[in-house]
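Enquirer: Next up is a structure, given as structure tokens.
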Amino acid sequence: MDRIEIRPGVYVTNYYALWLERERAAIIGDLHIGMEAAMVEEEGISAPRVQEDVIIKRLSAIFREFSPETLVINGDFKHKFSRNLWQEWEEVNRILDFICDHVRRVVVIRGNHDNYLKTILAKRGIDLHSRYSIGDYTVIHGHRDVGMERDMVLAHEHPVVKIRDGIGAYIKLPCFLYNDERNIIVLPALSPLSIGTDIMAEDYLSPILSRIDMSGARIYALSEIGILSLGRIRDMERAMLYMP
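Going by my numbering, the sequence shown opens with residue -18, and the numbers climb by one from there.
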């Protein structure tokens, strides 16, 4: 199974994208382009430049499966806070070229890493939004508290769920979170390098999620065999208490 309908016409998918069928729109977040160059500059860690190829493959799958008219990028398109690194300039432009070849409309939401993204987007006539309304949702990155408590699509969190077996081995899977009481959806990160927030063990990064009870949120994990419905956070927490 590569998608699950959580509300009429609203699908979480195994392609790191939320699909709004009526609006013909795919929503993704947290690409963190240029992370490899930032790792060299900030930490002295040399990493192979793999993100661009992986992100292009993931975008290709989204375009192939859904043929969206609109792609909404929900923040942290690039990684470096302080300026645009050469890798970011090159890769953001190549990825934008690829996206613009496949969709009619590109909507970019500002994330906390996107301080200088406006310079790149302006050359293409693409606006940088603080929020964007589409269908029944307001799309917001989630790094600031905006006073809303429902009907949102958030990124920023990079949620992952850790699944253990009986002898202590575990895997981490990126996941969607869906708070059906408040109609809030949290996106997984599209970046293959971004370390995720363990939804069972860590506090939320987003101030919005930090003040909302997310224990009843449903977990939809991405995996090699398709998207997995893992129940609610509180049920997973109870199950973990009784693991041998």
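Backbone N, C-alpha and C define an ideal beta-carbon position, used for all residues, glycine too.
Owing to the predicted nature of the structure, the values given are computational and were not obtained by experimental measurement.
(1) Buried or exposed: where does residue 224 fall if 16 or more other Cβ atoms within 10 Å of its Cβ makes it buried?
(2) Rounded to the nearest angstrom, what separates residue 152 and residue 195 at their Cα positions?
(3) Is it the case that the stretch 209 to 219 contacts the stretch 167 to 179, given that we only count it when at least three CB pairs across the two stretches are under 8 Å?
(4) Rounded to the nearest angstrom, what separates residue 203 and residue 142 at their Cα positions?
(5) So is residue 11 buried or exposed if we call it buried at 16+ other beta carbons inside 10 Å?
(6) Mapping the DSSP letters down to three states, classify residue 35 as helix, strand or coil.
(7) List the whole-angstrom C-beta distance separating residue 0 from residue 58, where the pair is believed to meet the contact cut-off of C-beta under 8 Å.
(8) Quick one: grab the DSSP three-state call for residue 57.
(9) Could you name the residues of the same chain whose beta carbon sits closer than 6 Å to that of residue 164, not counting the 5 residues immediately before and after it, in chain order?
(10) Going by beta carbon distance, what residues of the same chain come within less than 8 Å of residue 205, once the five residues before and after it are set aside?
(11) Classify residue 78 as helix, strand or coil using the three-state DSSP reduction.
(12) Look at residue 2 and residue 15 and say whether their C-beta atoms are less than 8 Å apart.
(13) Report buried or exposed for residue 100, applying the criterion of at least 16 other Cβ atoms within 10 angstroms of its Cβ.
(14) Decide yes or no for the touch test of the stretch 68 to 86 against the stretch 113 to 123: beta carbon pairs closer than 8 Å, at least 3 of them.
(15) Does DSSP put residue 224 in a helix, a strand or coil?
(16) Let me confirm a value: residue -14 is counted as buried when at least 16 other C-beta atoms fall within 10 Å, else exposed. Which label applies?
(17) Just grab the DSSP bridge partners of residue 200 for me.
(18) Assuming residue -2 and residue 54 are in contact, meaning their beta carbons sit under 8 Å apart, how far apart are those beta carbons, in whole angstroms?
(19) Taking the straight line between their C-alpha atoms, what separation do you get for residue 69 and residue 102?
(20) Assuming residue -17 and residue 207 form a contact by the criterion Cβ under 8 Å, report the distance between their Cβ atoms to the nearest whole angstrom.
(21) Please go through the stretch 93 to 126 and give each complete alpha helix (DSSP H) segment of 4 or more residues, from N-terminal end onward.
(22) Compute the Euclidean distance between the alpha carbons of residue 222 and residue 145, then round it to the nearest angstrom.
(23) If you follow the beta strand (DSSP E) that residue 140 is in, where does it begin and where does it stop?
(24) CA-CA distance, residue 13 and residue 172?
(25) Pick helix, strand or coil for residue 16, following the three-state DSSP scheme.
Expert: Straight from the coordinates:
(1) Within the sequence shown, numbered from 1, the residue matching residue 224 stands at position 243. Here the model assigns residue 224 a pLDDT of 47, short of 50, so the residue's position is not dependable, and the following value carries that caveat. Under this definition residue 224 is an exposed residue.
(2) Residue numbering aside, residue 152 sits at position 171 when the sequence shown is read from its first letter. Residue numbering aside, residue 195 sits at position 214 when the sequence shown is read from its first letter. Answer to the nearest angstrom: the Cα atoms are 22 Å apart.
(3) Judged by Cβ distances under 8 Å, the stretch 167 to 179 makes no contact with the stretch 209 to 219, as fewer than three pairs qualify.
(4) Here the question's residue 203 lines up with position 222 in the sequence shown. Here the question's residue 142 lines up with position 161 in the sequence shown. Distance between the alpha carbons of residue 203 and residue 142 is about 10 Å.
(5) To locate residue 11, count along the sequence shown from 1; it is residue 30. Counting Cβ neighbours within 10 Å, residue 11 comes out buried, since at least 16 surround it.
(6) Taking the sequence shown and counting its residues from 1, the one referred to as residue 35 is at position 54. In the structure shown, residue 35 adopts helical secondary structure according to DSSP, grouped into three states.
(7) Taking the sequence shown and counting its residues from 1, the one referred to as residue 0 is at position 19. Taking the sequence shown and counting its residues from 1, the one referred to as residue 58 is at position 77. Between the beta-carbon of residue 0 and that of residue 58 there is about 20 Å, and that puts the pair past the 8 Å contact cut.
(8) By one-based count along the sequence shown, residue 57 stands at place 76. Residue 57 falls in the coil class under three-state DSSP.
(9) For this step, residue 164 is matched to residue 183 along the sequence shown. Cβ contact annotation for residue 164 (same chain, cutoff 6 Å, sequence separation greater than five): 131, 132, in chain order.
(10) For the purposes of this step, residue 205 is taken as the residue at position 224 of the sequence shown. Here the set comprises nothing.
(11) Position 97 of the sequence shown, counted from the start, is the residue given in the question as residue 78. The answer is helix: DSSP assigns residue 78 an H, G or I state.
(12) Counting from 1 along the sequence shown, the entry for residue 2 is found at position 21. Counting from 1 along the sequence shown, the entry for residue 15 is found at position 34. Against a cut-off of 8 Å, the Cβ pair of residue 15 and residue 2 comes out as no contact.
(13) Here residue 100 is taken as the residue at index 119 of the sequence shown, counted from 1. Burial state of residue 100 is exposed, judged by a 10 Å Cβ sphere holding fewer than 16 other Cβ atoms.
(14) By the Cβ test, the stretch 68 to 86 is not in contact with the stretch 113 to 123, since fewer than three Cβ pairs between them sit closer than 8 Å.
(15) Sequence index remark: in the sequence shown, residue 224 carries index 243 (1-based). Legend: pLDDT at residue 224 = 47, less than 50; position of this residue unreliable, value from coordinates given subsequently. Residue 224 carries a coil assignment under DSSP once its states are collapsed to helix, strand and coil.
(16) Position 5 of the sequence shown, counting from 1, holds the residue named residue -14. Counting Cβ neighbours within 10 Å, residue -14 comes out exposed, since fewer than 16 surround it.
(17) The count along the sequence shown starts at 1 and reaches residue 200 at position 219. Under DSSP, residue 200 forms a beta bridge with 158.
(18) In the sequence shown, residue -2 corresponds to position 17, counting from 1. In the sequence shown, residue 54 corresponds to position 73, counting from 1. Between residue 54 and residue -2 the Cβ distance is about 10 Å, and since that is not below 8 Å, they are no contact.
(19) One-based indexing of the sequence shown puts residue 69 at position 88. One-based indexing of the sequence shown puts residue 102 at position 121. Going by C-alpha positions, residue 69 is about 12 Å away from residue 102.
(20) Here residue -17 is taken as the residue at index 2 of the sequence shown, counted from 1. Here residue 207 is taken as the residue at index 226 of the sequence shown, counted from 1. With 8 Å as the limit, residue -17 and residue 207 qualify as a contact, their Cβ atoms being about 6 Å apart.
(21) As far as the stretch 93 to 126 is concerned, its whole alpha helix (DSSP H) runs of at least 4 residues are 98 to 103.
(22) Position 241 of the sequence shown, counted from the start, is the residue given in the question as residue 222. Position 164 of the sequence shown, counted from the start, is the residue given in the question as residue 145. Confidence in residue 222 is poor, its pLDDT being 49 and thus under 50, which makes the residue's placement too unreliable to answer from.
(23) Here residue 140 corresponds to residue number 159 of the sequence shown, with the count starting at 1. Per DSSP, the continuous beta strand (DSSP E) segment holding residue 140 begins and ends at 140 to 145.
(24) For this step, residue 13 is matched to residue 32 along the sequence shown. For this step, residue 172 is matched to residue 191 along the sequence shown. One Cα belongs to residue 13, the other to residue 172, and the distance between them is close to 6 Å.
(25) The residue labelled residue 16 in the question sits at position 35 within the sequence shown. Helix at residue 16.
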